[in-house]
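Numbering that gives the first Met the number 0 applies: residue 0 is where the sequence shown begins, and numbers increase by one.
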Amino acid sequence: MAEAVAFAGANMLLKAPAGQEETVSELHTFTNGNCSVSCWQLSAEEREEVARTGRLFLSVLSGRSQPPVYLGGEEEVRAIVADYGGVWQRGSGR
Numbered sequence: 000m001a002e003a004v005a006f007a008g009a010n011m012l013l014k015a016p017a018g019q020e021e022t023v024s025e026l027h028t029f030t031n032g033n034c035s036v037s038c039w040q041l042s043a044e045e046r047e048e049v050a051r052t053g054r055l056f057l058s059v060l061s062g063r064s065q066p067p068v069y070l071g072g073e074e075e076v077r078a079i080v081a082d083y084g085g086v087w088q089r090g091s092g093r
């Protein structure tokens, strides 16, 4: 399963809901008040599957609806977020 990872420019840490600390990981995000961005690292096996199929699946644990979401590389996501406010500073891990 893809793992949420901290990234340079993250300015908020979302914690697991009370009682779900064993199953829900903390999530480092960047927010500008309008958009929230997180960074995910795929395992080698996941990268191979995406390369083979060209497909990613997104699961939002909200139950009845799905908020607007966007998947993409850092450059693409920065361009979308810039339309709604500031973007994060890039770190040396580019």
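Ideal Cβ positions, reconstructed from N, Cα and C, are used throughout, including at glycine.
Exposure of F56, with buried meaning 16 or more beta-carbon neighbours within 10 Å: exposed
Exposed unless 16 or more other CB atoms sit within 10 angstroms - verdict on V80: If you draw a 10 Å sphere on the C-beta of V80, you find 16 or more other C-beta atoms in it, and that means buried.
CA-to-CA distance, Q19 to E74, given in whole angstroms: Approximately 33 Å between the Cα atoms of the pair.
Per DSSP, the bridge partner or partners of C38: V4
Nearest-angstrom Cα separation, counted from T30 out to A15: 18 Å
Nearest-angstrom Cβ-Cβ length linking A3 and S37, presumed shorter than 8 Å: 6 Å
Cα-Cα separation between A78 and A17, rounded to whole angstroms: Approximately 34 Å between the Cα atoms of the pair.
T28, enclosing beta strand (DSSP E) - first and last residue: Per DSSP, T28 belongs to the beta strand (DSSP E) from L26 to T30.
Option in V76, V86 and L70 with minimal Cα separation from S58: L70
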